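Structure first, then comments.
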């Protein structure tokens with residue numbers, strides 16, 4: 046199994062990669078807030094934010110196919126949540142169907158809101174993909190620590206990054222063992238086996254966590270995670286942050 050699927054391209058050399066993790070996190074957060082606060086229907090503002098992200102992605106030298114594939118993963122999940130909005134939103138009816146027993150109507154306002162949600166979700170995920178792909182997770186955690194994020198969240202993310210690969214490998218071995226035993230039968234039998242696998246994986250994960258914690262205490266762990274690489278806030282970080290904040294403020298001021 047490849048153990049670099051989270052920050053696969055974080056070792057590339059580009060202007061975006063060389064920025065301080067705190068700069069990348071704060072600017073990404075600002076971009077996300079700006080996108081979320083933009084009212085649905087302001088397509089020119091959304092287009093400006095997309096162009097900003099597109100330029101940053103080009104400067105980062107990330108493979109475009111990789112960025113698109115990772116960003117579009119969120120669309121099905123957003124649709125699962127928001128697909129019913131056009132049916133329940135009041136407004137001018139765009140499409141209506143009456144079967145005699147019930148009537149379904151889709152309004153223009155509902156379509157507008159659904160489209161806005163999809164665009165906002167996609168732009169936010171693009172920003173997140175850019176952030177995670179251009180920053181090593183260890184540097185990101187150190188940056189979040191210096192920004193005042195609670196220590197318990199830093200520890201959770203740190204251990205998740207270290208051991209999610211181990212759990213994934215364990216799950217793949219269990220799946221291989223299941224398939225080698227002629228996995229089949231009716232749906233109830235399959236669900237039962239899958240449920241047992243999930244329970245077994247949870248128990249093994251819990252036991253592994255206990256062993257890791259005891260091993261850390263034996264090695265003098267005191268609750269602090271030390272960083273090998275020290276972060277440095279350079280003038281380029283300040284110029285980049287200022288320029289990006291100005292670019293984020295200009296589209297709303299021009300078209301609102």
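Residue numbers (this note's numbering): 46 to 301.
Beta carbons are placed, not taken as given, at the ideal position from N, Cα and C, and that holds for glycine.
Quick caveat, the model's predicted, so the values are computed rather than measured.
Residue i to residue j, Cα distance in whole Å?
{"i": "residue 79", "j": "residue 150", "result": "32 angstroms"}
{"i": "residue 185", "j": "residue 164", "result": "26 angstroms"}
{"i": "residue 191", "j": "residue 219", "result": "40 angstroms"}
{"i": "residue 171", "j": "residue 69", "result": "13 angstroms"}
{"i": "residue 167", "j": "residue 116", "result": "6 angstroms"}
{"i": "residue 259", "j": "residue 253", "result": "10 angstroms"}
{"i": "residue 125", "j": "residue 81", "result": "19 angstroms"}
{"i": "residue 265", "j": "residue 92", "result": "52 angstroms"}
{"i": "residue 225", "j": "residue 210", "result": "23 angstroms"}
{"i": "residue 217", "j": "residue 198", "result": "28 angstroms"}
{"i": "residue 238", "j": "residue 153", "result": "46 angstroms"}
{"i": "residue 137", "j": "residue 247", "result": "50 angstroms"}
{"i": "residue 113", "j": "residue 107", "result": "10 angstroms"}
{"i": "residue 187", "j": "residue 276", "result": "8 angstroms"}
{"i": "residue 122", "j": "residue 129", "result": "13 angstroms"}
{"i": "residue 196", "j": "residue 204", "result": "12 angstroms"}
{"i": "residue 244", "j": "residue 221", "result": "17 angstroms"}
{"i": "residue 234", "j": "residue 223", "result": "13 angstroms"}
{"i": "residue 284", "j": "residue 267", "result": "38 angstroms"}
{"i": "residue 193", "j": "residue 56", "result": "26 angstroms"}
{"i": "residue 280", "j": "residue 118", "result": "36 angstroms"}
{"i": "residue 308", "j": "residue 200", "result": "No answer is possible for residue 308: it lies beyond the span of the chain, which begins at 46 and ends at 301."}
{"i": "residue 77", "j": "residue 288", "result": "16 angstroms"}
Just to confirm the assignment, what range does the alpha helix (DSSP H) spanning residue i have?
{"i": "residue 93", "result": "88-105"}
{"i": "residue 116", "result": "109-116"}
{"i": "residue 79", "result": "66-82"}
{"i": "residue 124", "result": "119-127"}
{"i": "residue 279", "result": "Where residue 279 is concerned, there is no enclosing alpha helix (DSSP H), given that its DSSP letter is neither H nor E."}
{"i": "residue 237", "result": "232-263"}
{"i": "residue 63", "result": "60-63"}
Just to confirm, is the Cβ distance from residue i to residue j under 9 angstroms?
{"i": "residue 62", "j": "residue 169", "result": "no"}
{"i": "residue 282", "j": "residue 65", "result": "yes"}
{"i": "residue 127", "j": "residue 162", "result": "yes"}
{"i": "residue 30", "j": "residue 236", "result": "Because the chain is modelled from 46 through 301, residue 30 falls outside the range shown and cannot be assessed."}
{"i": "residue 173", "j": "residue 189", "result": "no"}
{"i": "residue 286", "j": "residue 176", "result": "no"}
{"i": "residue 134", "j": "residue 52", "result": "no"}
{"i": "residue 54", "j": "residue 94", "result": "no"}
{"i": "residue 104", "j": "residue 60", "result": "yes"}
{"i": "residue 97", "j": "residue 262", "result": "no"}
{"i": "residue 100", "j": "residue 296", "result": "no"}
{"i": "residue 183", "j": "residue 206", "result": "yes"}
{"i": "residue 232", "j": "residue 67", "result": "no"}
{"i": "residue 109", "j": "residue 120", "result": "no"}
{"i": "residue 256", "j": "residue 215", "result": "no"}
Hey, would you say the C-beta of residue i is under 8 angstroms away from at least one heavy atom of the ligand NAP?
{"i": "residue 89", "result": "Among the ligands in the structure shown, none appear at all, so the ligand NAP cannot be discussed."}
Less than 9 angstroms between CB atoms is the rule here; does residue i satisfy it with respect to chain D?
{"i": "residue 122", "result": "In summary, chain D is missing from the structure at hand, where a single protein chain is found."}
query: Which whole runs of the alpha helix (DSSP H) in the region 158-195 are 4 residues long or more, in chain order?
result: The region 158-195 contains these whole alpha helix (DSSP H) runs: 182-191.
- request: Evaluate contact between the region 68-87 and the region 154-164, counting only Cβ atoms and requiring at least three cross-stretch pairs below 8 angstroms.
  value: Cβ pair count under 8 angstroms is three or more, so yes.
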